[in-house]
Amino acid sequence: MRRAIYPGSFDPITNGHLDIIQRGCKLFDEIIIAVLINPEKTAFFSVAERCEILRAVMKDIDHGECTLAVESFAGLLIQYAADRQAHAIVRGIRAISDYEYELQMALMNRRLQPQLETVFMMPAEAYSYVSSRLVKEVFHLGGTIEGLVPRLVEERMRSKSKDQKTKS
Ligand code: PNS
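The sequence shown runs 13 to 180 under our numbering.
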């Protein structure tokens, strides 16, 4: 039973993240998509909203024999992975620019927990420029994010920003 953790902010989940999850499903029996609780970072969606969206989106994807779970976590990733008895951390690498940061994290995690492997996966080229940060920027400036995120995310972003505008 090979269990992996796919950690991240997922604010929001993009089609690039989904692509990585689907590829990961071919390698692992179970993937836990783990949303970091990070009070220092201002997020568009709360952790609870992100988990709810992720769970809804996971229902629609082809996960083959792989079991998918969504959880949130706080603190050290290696500790959380040990608590869940995970064998690997999955991270997506889009371009060389991601590599430096990801390598640093992977090596630090390996130093802290040599048993735990980090597996880097590449999304389809079509998503190589897609990031949650750019999706939010384009959305806030009125551009289309169709095809970059699941339809549910688009809808939830629209309704959330409408609510925020009504309140202010
Ligand atoms: O989607 P992100 O924001 O790039 O994900 C970053 C994440 C959650 C993988 C990273 O910040 C993380 O693992 N945080 C947990 C705290 C931790 O273990 N820090 C040491 C990492 S070397």
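Here a beta-carbon is modelled for each residue, glycine too, at the ideal position from N, C-alpha and C. What you are looking at is a predicted structure, and each value in this text was computed from that prediction instead of being measured.
*Select from Tyr18, Pro24 and Glu167 the residue whose C-alpha is nearest the C-alpha of alanine 118.*
Checking every option, the nearest Cα to that of alanine 118 belongs to Tyr18.
_DSSP state of phenylalanine 151 mapped onto helix, strand, coil_ = helix
_Is methionine 117 close to ligand 1? I mean its beta-carbon at under 7 angstroms from any heavy atom of the ligand._
Indeed, a heavy atom of ligand 1 lies less than 7 angstroms from the Cβ.
*May I have the straight-line CA-CA distance separating glycine 87 from leucine 30, to the nearest angstrom?*
24 angstroms
*Can you check whether the CB of alanine 94 is closer than 8 angstroms to the CB of isoleucine 101?*
no
*asked:* Mapping the DSSP letters down to three states, classify glycine 36 as helix, strand or coil.
replied: DSSP, read as helix, strand or coil, puts glycine 36 in helix.
*asked:* Can you list, in chain order, the residues of its chain with a C-beta nearer than 8 angstroms to that of phenylalanine 56? Leave out the 5 residues immediately preceding and following it.
replied: Asp23, Pro24, Lys148, Met169 and Lys172
*Just mark alanine 138 as buried or exposed, buried being the case when its beta carbon has 16 or more other beta carbons within 10 Å.*
exposed
*asked:* Quick check on the DSSP output: the beta strand (DSSP E) that includes threonine 79 runs from which residue to which?
replied: Annotation for threonine 79: the continuous beta strand (DSSP E) segment containing it runs 79-85.
_Tell me the residue span of the alpha helix (DSSP H) that contains methionine 133._
Run containing methionine 133: none in the alpha helix (DSSP H); it sits in the beta strand (DSSP E), 129-133.
*Measuring from the CB of serine 58, is there a heavy atom of ligand 1 at a distance below 7 angstroms?*
no
*Between glutamate 114 and phenylalanine 85, which are expected to be in contact by the criterion C-beta below 8 angstroms, what is the C-beta distance as a whole number of angstroms?*
About 18 angstroms separates the two Cβ atoms, so there is no contact after all.
*By a C-beta neighbour count over all protein chains shown, 10 Å radius and 16 as the cutoff for buried, is alanine 60 buried or exposed?*
exposed
_Using the three-state DSSP reduction, which class does tyrosine 141 fall into: helix, strand or coil?_
coil
*For proline 222, which residues of its own chain have a beta-carbon under 6 angstroms away from its beta-carbon, when the five flanking residues on both sides are left out?*
Residue 222 is absent from the model: the chain starts at 13 and stops at 180.
_For ligand 1, is there any heavy atom lying closer than 7 angstroms to the beta carbon of proline 126?_
False, no ligand heavy atom lies under 7 angstroms from that Cβ.
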